[in-house]
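Data first, discussion second: the structure below is written as structure tokens.
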Amino acid sequence: MEKVIHGDKGGINVSQSKSVCETVNGSHRYNHPGVLAGQGDGAGEVYVQRHLRCGGATSGAIYFYPDGKNPEDNSLYVSVFIALASEGTDVRALFELTMLDQSGKGPPQGAQSLRAALEGGPYTLKYRGSMWGYKRFYRRTALETSDFLKDDCLIMHCTCLKELLKSGIGSDIVFHVGDETFKAHKRILAARSPVFNAQFYGLVGNPNVDRVDVEDVEPPVFKAMLIFIYSDELPDVHELTGSISMCTSTIMIQHLLAAADRYGLDRLRLLCEAKLCEGITADTVATTLALAEQHQCVQLKNVCLKFIAVRENLGAVMQTEGYNYLEGTCPSVLAELLETVAVVDNDAGQVCRKRSSSSNLGMNSMDSVDLNGGRRLRRRM
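In full-length UniProt numbering, the protein residues as written are 1 to 381.
So this is what it looks like as structure tokens:
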């Protein structure tokens, strides 16, 4: 661990002190010796523990301030931060910083609950020296008499949640989805999803459950949902499905949106909705519209209606199996579709009339559509 001493003119001197760093699949364990000895140096004086890795080969560091980072806190708190220690690609991840109870009596503890720590979403470190962490990680006087400090040594864990999902280290729940199983961590799931929180820790929940059978969700969809929970990012759908087909990708995102709604993952739902809006085609728009209606996705529904109402798209959409599904599951949407078609026709008619206002040939042929299958031609004068 390096002790970085900021000089009066902004210079930085580095001296070495003994430390131990152990990395286990995304969970980095750091021993910070001389915590009490470092106090009294003043706010802003920092001990640096390097060799943090999260996000490929990108290197990071733990910055520990025994007297706090900011002078205005009057050395009442210790501060802890994660910092990018090398140039490279941006690091965007969900982190957890905790101290180890060295008495073995209690669980690790951080500056706040995991739920609160994750509410702000993932943290992006964009350039060397950029930081994320806590100015008031722990009250200094409480730390001095706590079981987190032993022989003037503090042990900290920095966990990158995405790597924790990959390794399965410390998992306490197994999900059986179809023919596949997925290991996970109940407290992380509960911190991210109100449904999981109720299932494990609610009034009728069971905190001791270690197996859950999941029905009506395909394994790739559940895996994608877990990746989002641990990283707050929409996973690569093509990689998960093993297909580059746009149709397959759309179907996957449709199912993922339904899963997000089921487990109360509002941000994932919004990401899926945006992705579906970008990839609308005549082959998939009808099933996407049915999905939007069933899950109250207003923006997605409007985009689908406007796409179908365009005359160049309408006939092709009506020939798809998805349209038959839409008729059977969401008949009320057909009335809204008729209204949208009328609006689009009216707008198009106004444009045509403006263009032909100087001509005496102002006849405008338009198809009038029977959305139950028949078509007829109507002339407007």
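Glycine included, C-beta positions come from ideal geometry on N, C-alpha and C.
Query                                                                                                                                                                                       : Result
Mind the definition here: the segment 302-315 touches the segment 251-271 only if three or more C-beta pairs lie below 8 Å; say whether that holds.                                         : no
Output needed for T145: all residues of its chain with C-beta closer than 6 Å, excluding positions within five of it in sequence on either side, in chain order.                            : none
For T284, which three-state DSSP category applies?                                                                                                                                          : coil
Is S193 near L265, with beta carbons less than 8 Å apart?                                                                                                                                   : yes
Measure the C-alpha to C-alpha separation of D261 and Q294 and round it to an integer number of angstroms.                                                                                  : 10 Å
Return helix, strand or coil for H255, following the three-state DSSP convention.                                                                                                           : helix
Suppose the cutoff is 7 Å on Cβ atoms and the five residues either side in sequence are ignored; what does the same chain contact list for A292 look like?                                  : L300, K301 and C304
Would you decide whether K105 is buried or exposed? Buried here means 16 or more other CB atoms lie within 10 Å of its CB.                                                                  : exposed
By how many angstroms is the C-alpha of M131 removed from the C-alpha of T124?                                                                                                              : 9 Å
Starting from the Cα of E180, find the closest Cα among K223, E327 and T241 and give me that residue.                                                                                       : K223
Applying the criterion that 16 or more other CB atoms from any shown protein chain within 10 Å of the CB defines a buried residue, is L76 buried or exposed?                                : exposed
By how many angstroms is the C-alpha of L338 removed from the C-alpha of A198?                                                                                                              : 42 Å
For the pair the segment 159-173 and the segment 62-80, tell me if three or more CB-CB distances fall below 8 Å.                                                                            : no
Assign T284 to one of two classes, buried (16 or more other C-beta atoms within 10 Å of its C-beta) or exposed (fewer than that).                                                           : buried
Taking just the CA atoms, how far does D236 sit from P66?                                                                                                                                   : 41 Å
Can you have a look at G129 and say buried or exposed, based on whether 16 or more other CB atoms are within 10 angstroms of its CB?                                                        : exposed
Based on the DSSP output, what are the partners of E163 in its beta bridges?                                                                                                                : None; E163 has no bridge partner.
Please go through the same chain and pick out, in chain order, the residues whose beta-carbon is closer than 6 Å to the beta-carbon of I155, but skip the five residues on each side of it. : N31 and L100
Give me the Cα-Cα distance between K186 and M252, rounded to the nearest whole angstrom.                                                                                                    : 25 Å
Using a threshold of 8 Å, state whether the C-beta atoms of S103 and D152 are closer than that.                                                                                             : no
Relative to the C-alpha of T250, which candidate in L165, R140, E96 and G322 has its C-alpha closest?                                                                                       : G322
Report buried or exposed for Q319, applying the criterion of at least 16 other Cβ atoms within 10 angstroms of its Cβ.                                                                      : exposed
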